[in-house]
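Position 80 of the sequence shown, counted from 1, bears residue number 80 in my numbering, the numbering being contiguous throughout. Quick reminder that beta carbons are idealized off the backbone N, C-alpha and C, glycines included. Being a predicted model, the structure only gives us computed values, none of them experimental. Okay, structure first, notes after.
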Amino acid sequence: MSLSASDSPPRKRPRKVYINHTECKKRLNVRASRLSGDEYVSAWSGKEKPGKKFARVLRCCSEKCGTKIPEPVQLLKFESFYNEKTKELQDASLASCIKKVPSSPVFRNKQWCYHLRVSGNERKVCRQFIIKLYQVSEKRIRVIQH
1 MSLSASDSPP
11 RKRPRKVYIN
21 HTECKKRLNV
31 RASRLSGDEY
41 VSAWSGKEKP
51 GKKFARVLRC
61 CSEKCGTKIP
71 EPVQLLKFES
81 FYNEKTKELQ
91 DASLASCIKK
101 VPSSPVFRNK
111 QWCYHLRVSG
121 NERKVCRQFI
131 IKLYQVSEKR
141 IRVIQH
């Protein structure tokens, strides 16, 4: 017995997915707190995550970038970074510190140059200084670079 187009079985409707709005609000609050550097309770693990606190960068490399940039400037940069409203704006401010440098075959790992603008002048700093100052991961820098 073959079925024709008119004899096909009826299609089942897909089930509706019900959204728990309180969970969505919790996640949005966690995202906003993480973005602004405040402490928050993880919606997934339930553990309390500490907020970002300014710590002056003193040691980062042999160039002593921490001594090139005074503490009030570091504090200003840190606060302005975490006062940004969205992650895209934070990424844009990080991207403004990073510049691509034409690489030579000898120095393949030296493809990026890092700068901070201090009183109108750009001062060269190292990658570790940027990571420690803004307290971001290496992966976030790598994602911005590519």
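Indicate whether residue i and residue j have their beta-carbon atoms separated by less than 8 angstroms.
{"i": "V57", "j": "G66", "result": "yes"}
{"i": "Q111", "j": "C60", "result": "no"}
{"i": "L28", "j": "K87", "result": "no"}
{"i": "I19", "j": "L94", "result": "no"}
{"i": "V118", "j": "I69", "result": "yes"}
Taking the straight line between their C-alpha atoms, what separation do you get for residue i and residue j?
{"i": "L116", "j": "R123", "result": "5 angstroms"}
{"i": "C126", "j": "R142", "result": "14 angstroms"}
{"i": "E71", "j": "E23", "result": "40 angstroms"}
{"i": "I130", "j": "K25", "result": "32 angstroms"}
{"i": "K16", "j": "W44", "result": "24 angstroms"}
{"i": "E63", "j": "G46", "result": "41 angstroms"}
For a test of the three-state rule: what should DSSP assign to residue i, helix, strand or coil?
{"i": "H115", "result": "strand"}
{"i": "E138", "result": "helix"}
{"i": "K85", "result": "coil"}
{"i": "K64", "result": "coil"}
{"i": "E122", "result": "strand"}
{"i": "K77", "result": "helix"}
{"i": "V41", "result": "strand"}
Under DSSP, the beta strand (DSSP E) around residue i begins and ends at which residues?
{"i": "I130", "result": "That residue, I130, is in no beta strand (DSSP E); its alpha helix (DSSP H) goes R127 to Y134."}
{"i": "I98", "result": "I98 to K100"}
Along the alpha helix (DSSP H) that carries residue i, what are the first and last residues, could you check?
{"i": "K26", "result": "H21 to S36"}
Any Cβ of chain B within less than 8 angstroms of the Cβ of residue i?
{"i": "E63", "result": "Of the protein chains in the structure, only one exists, and it is not chain B."}
Does the ligand ATP have a heavy atom nearer than 7 angstroms to the CB of residue i?
{"i": "K25", "result": "The ligand ATP is not part of this structure, which contains no ligands at all."}
Would you call the region 75 to 85 and the region 123 to 140 touching, i.e. three or more CB-CB distances under 8 angstroms?
-> yes
State whether the region 35 to 50 contacts the region 93 to 101, with contact taken as three or more CB pairs (one from each stretch) at a distance under 8 angstroms.
-> no
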